[in-house]
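J.: Using my numbering, the letters of the sequence shown correspond one by one to residues 13 to 221. Every residue, glycine too, gets a C-beta built ideally from N, C-alpha and C.
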Amino acid sequence: MKDNLLRVYHMVNETEALGPGKLFGLWTQGCPRRCPGCIAPGSHPLDGGKLIEVDRLAAYIRALPGLSGIVVSGGEPFLQPAPLARLLRQLRDGRDFGVVIYTGYWLSELREMGDPAVDEILNGLCDLLVDGPYVEELNDGMSLRGSSNQGIHPLTPRWEREAAEIYGKEGRQAEVCMDGDDVFVVGIPQKGTKQLIARALEERARREN
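(1) Within 10 angstroms of its Cβ, does Pro32 collect 16 or more other Cβ (buried), or is it exposed?
(2) I need the DSSP call for Leu76, collapsed to helix, strand or coil.
(3) Nearest to Ser85 by alpha carbon, out of Ala70, Asp127, His56?
(4) Report the residue from Glu132, Arg101, Val111, Leu17 whose alpha carbon sits nearest the alpha carbon of Gly61.
(5) How is the beta strand (DSSP E) around Ser120 delimited, first residue to last?
(6) Can we count Glu88 as close to the ligand FAD, meaning its CB is less than 7 Å from some heavy atom?
(7) Does DSSP classify Ile51 as helix, strand or coil?
(8) Look at Gln92 and Arg19 and say whether their C-beta atoms are less than 8 Å apart.
(9) Is DSSP giving Glu149 helix, strand or coil here?
(10) Ordered along the chain, which non-local residues of its own chain (more than five positions away) have a Cβ less than 6 Å from that of Asp15?
(11) If distances are taken between C-alpha atoms only, which option among Asp139, Leu63, Asp152 comes closest to Met23?
Here's what the structure looks like:
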């Protein structure tokens, strides 16, 4: 089934940089926008990343302890709405599991697509949606957004209060994750991120010696 394969750019088991609580981080592969200054240019090619079976991924995420939900970014998550909807449906089945999605589309654009999977995500499978393309000149360093043109939309009551409290505030977070030789920044970087990566690499080299 086509909706059981999701093309993925990157994953982390836990992050607190992109939403309320401890979230599994999932970056989908493929984005035609190619916004200048994008933190993840490797996620742009439509045929990049790796294909993962949605059912296996859902089982893996459900087995991880201590998560309050998942954050999905990209790439562009809504290029693969059917497998994404299948994944979120399984993650929320029988449990309280929150969902945050970052998209380069505007919410109004998504609603006008007329895609059943997109509609399912917006009408019950996503709690917080951060929408709009990244504009490097509008990167204001505020939390949970790349640039000031982007907005946050509570689509369910779950994190409505948290959205008002933590979105667009000072103190933007970024985390550096290392997987073998791969260094990946989780969150939206600001000044000092390069130094953060350098320190992480230095610490890994120190541990290995």
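T.: Looking at the coordinates:
(1) buried
(2) coil
(3) His56
(4) Leu17
(5) It is not in any beta strand (DSSP E) - Ser120 instead sits in the alpha helix (DSSP H) that spans 119-124.
(6) As for the ligand FAD, it is missing from this structure, which has no ligand bound.
(7) coil
(8) Contact: yes.
(9) Assignment of Glu149 by DSSP, reduced to helix, strand and coil, places it in the helix class.
(10) Ala94, Pro95, Arg98
(11) Leu63
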